[in-house]
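Undergrad:
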Amino acid sequence: MPYEVLNDFIENEHKGLRYQKGELYPKTGFEADTERVAFLQEKHEKYKKVFLGPELEPKVNETVDDSKEIESEEKSKQKKSTSKTKADK
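The opening residue of the sequence shown carries number 1 in UniProt numbering; numbering runs sequentially from there.
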């Protein structure tokens with residue numbers, strides 16, 4: 001599951017990748033280790049900041065297969081054009 005980055009930081013466990021405020025953690029190709037996430041969600045003595053927010057829920061359309069979405073849109077368009085044709089008669 002993704003987490004919102006609250007403050008910029010460099011993730012040493014992800015090959016030194018820079019995460020910027022507003023981005024999602026982890027980036028594509030990397031996994032979120034639960035212990036590391038917990039560490040990044042705590043306020044740090046040295047920096048006086050929290051780096052990650054709570055776990056984000058996936059959006060509904062992100063879990064749907066793209067081909068199914070396109071198929072559904074095409075069916076919807078066909079229905080609209082069919083009803084217009086019937087109304088024109």
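The beta-carbon is built from N, C-alpha and C at its ideal position, and this holds for glycine as well.
All values reported here derive from a predicted model rather than from experimental measurement.
Mark Y47 as exposed unless 16 or more other C-beta atoms lie within 10 angstroms of its C-beta, in which case mark it buried.
TA: With a threshold of 16 other beta carbon atoms within 10 Å, Y47 falls short and is exposed.
Undergrad: Can you tell me where the beta strand (DSSP E) with V5 in it begins and where it stops?
TA: Y3 to V5
Undergrad: Grouping DSSP H, G and I as helix and E and B as strand, with all else coil, what is L40?
TA: In this structure, L40 counts as helix in the three-state DSSP scheme.
Undergrad: Compute the distance between the beta-carbons of M1 and E55, then report whether it is under 8 Å.
TA: yes
Undergrad: I need the boundaries of the beta strand (DSSP E) containing L17, first residue and last residue.
TA: If you look at L17, you'll find it in the beta strand (DSSP E) that goes L17 to Y19.
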